[in-house]
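Everything on this sheet refers to the single structure shown next.
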Amino acid sequence: MSVIRILYVEDDLDFGCMTKVFLDQAGFLVELTTNVEEAWKLFHTRRPDLLLVDLDLEGSKNGIDLIRQIITEVKQYPVIVYSSHTDPATVITTIELGVMDHIGKDTDREVFLAKLRNIAKRNYSQTGENPRYELSAITTYNQRNGVLTTIGNKRHKLKGKDMRLLQLLCLHFNEWVSPKELSFGLWGMEKNIGELKRYIGHLRQELSEDPALSIENKHGGYYKLQGE
Numbered sequence: 001m002s003v004i005r006i007l008y009v010e011d012d013l014d015f016g017c018m019t020k021v022f023l024d025q026a027g028f029l030v031e032l033t034t035n036v037e038e039a040w041k042l043f044h045t046r047r048p049d050l051l052l053v054d055l056d057l058e059g060s061k062n063g064i065d066l067i068r069q070i071i072t073e074v075k076q077y078p079v080i081v082y083s084s085h086t087d088p089a090t091v092i093t094t095i096e097l098g099v100m101d102h103i104g105k106d107t108d109r110e111v112f113l114a115k116l117r118n119i120a121k122r123n124y125s126q127t128g129e130n131p132r133y134e135l136s137a138i139t140t141y142n143q144r145n146g147v148l149t150t151i152g153n154k155r156h157k158l159k160g161k162d163m164r165l166l167q168l169l170c171l172h173f174n175e176w177v178s179p180k181e182l183s184f185g186l187w188g189m190e191k192n193i194g195e196l197k198r199y200i201g202h203l204r205q206e207l208s209e210d211p212a213l214s215i216e217n218k219h220g221g222y223y224k225l226q227g228e
């Protein structure tokens with residue numbers, strides 16, 4: 001099983017960023033947002049493997065509203081509540097809505113991680129999904145197995161950091177990504193920009209056969225996978 005992509009909805013940015021770093025270091029690929037409206041948009045554009053959601057969120061809608069929207073649209077979608085609200089009535093409400101687990105924020109970090117991994121593994125084995133990014137008319141990227149297919153149906157098997165970096169850039173296709181986000185996604189910490197440049201160079205070479213694709217850069221170490 002390849003890198004699991006999590007959409008994490010949490011309006012406490014300090015706690016959310018801390019949790020994101022922890023999960024990124026554990027091998028997940030986490031995108032953090034703070035409100036239901038943005039989460040709903042990202043759910044449709046990114047279609048993550050898991051939704052991790054707090055219940056108290058900023059804006060007119062809360063986590064319960066988001067859970068209802070998503071499970072109504074996609075039955076059996078893996079939603080996990082991560083909240084300080086662990087009273088029986090709240091847990092029963094979310095379980096009856098169809099979430100796969102309701103985890104308290106005071107849960108031991110290793111137990112929390114084990115629960116996420118178990119749900120991710122179970123969901124993947126049941127669905128057998130194999131999502132692809134269609135980057136251009138001739139290039140696709142299968143984020144499950146790391147296979148980049150280009151002109152003439154030529155297949156390139158990416159591994160390690162190259163695979164993870166392309167997943168990060170695909171997640172933000174045609175958007176600038178900061179060096180900090182890329183570094184944390186690859187190493188779980190900030191790294192020298194020169195180290196990041198080395199892996200960008202690898203990907204540029206892999207994508208060089210397709211004139212419709214490029215990896216752009218701008219001052220400050222920002223990168224963007226750009227397509228037509």
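Per UniProt numbering, the sequence shown starts with residue 1, numbered consecutively. Every residue gets a Cβ at the ideal spot worked out from N, C-alpha and C, and that includes glycine.
Tell me the DSSP secondary structure of residue i in three-state form.
i	result
residue 291	Since the first residue shown for the chain is 1 and the last is 228, residue 291 is missing from the structure and cannot be characterised.
residue 229	Absent from the model: residue 229. The displayed extent of the chain is 1 to 228, so no value can be given.
residue 107	coil
residue 135	coil
residue 5	strand
residue 219	coil
residue 143	coil
residue 166	helix
residue 156	strand
residue 191	coil
Does the CB of residue i have a neighbour CB from chain C at under 8 Å?
i	result
residue 25	Checking the listed chains, one finds no chain C in this structure; it contains a single protein chain.
For residue i, count the other beta carbons within 10 Å of its own beta carbon; 16 or more makes it buried, fewer makes it exposed. Which is it?
i	result
residue 143	buried
residue 206	buried
residue 195	exposed
residue 126	With a pLDDT of 48 at residue 126, under the threshold of 50, the modelled position of that residue is not reliable, and the figure given next carries that caveat. Exposed, because fewer than 16 other Cβ atoms sit within 10 Å of the Cβ of residue 126.
residue 151	exposed
residue 18	exposed
residue 220	exposed
residue 100	buried
residue 74	exposed
residue 9	buried
residue 59	exposed
residue 72	exposed
residue 167	buried
residue 27	exposed
residue 31	buried
residue 70	buried
residue 84	exposed
residue 110	exposed
residue 38	exposed
residue 228	exposed
Is it the case that the Cβ atoms of residue i and residue j are separated by a distance below 8 Å?
i	j	result
residue 186	residue 164	yes
residue 170	residue 213	no
residue 178	residue 191	no
residue 54	residue 11	yes
residue 5	residue 29	yes
residue 36	residue 61	yes
residue 97	residue 138	no
residue 161	residue 146	no
residue 222	residue 176	yes
residue 113	residue 48	no
residue 215	residue 204	yes
residue 24	residue 188	yes
Length-filtered (4 minimum) alpha helix (DSSP H) runs lying within the segment 30–95: 36–46, 63–73
Inter-stretch contact (C-beta, 8 Å, three-pair minimum) for the segment 70–79 and the segment 105–112: no
Cβ contact check for the segment 84–92 and the segment 111–118: 3 or more pairs under 8 Å: no
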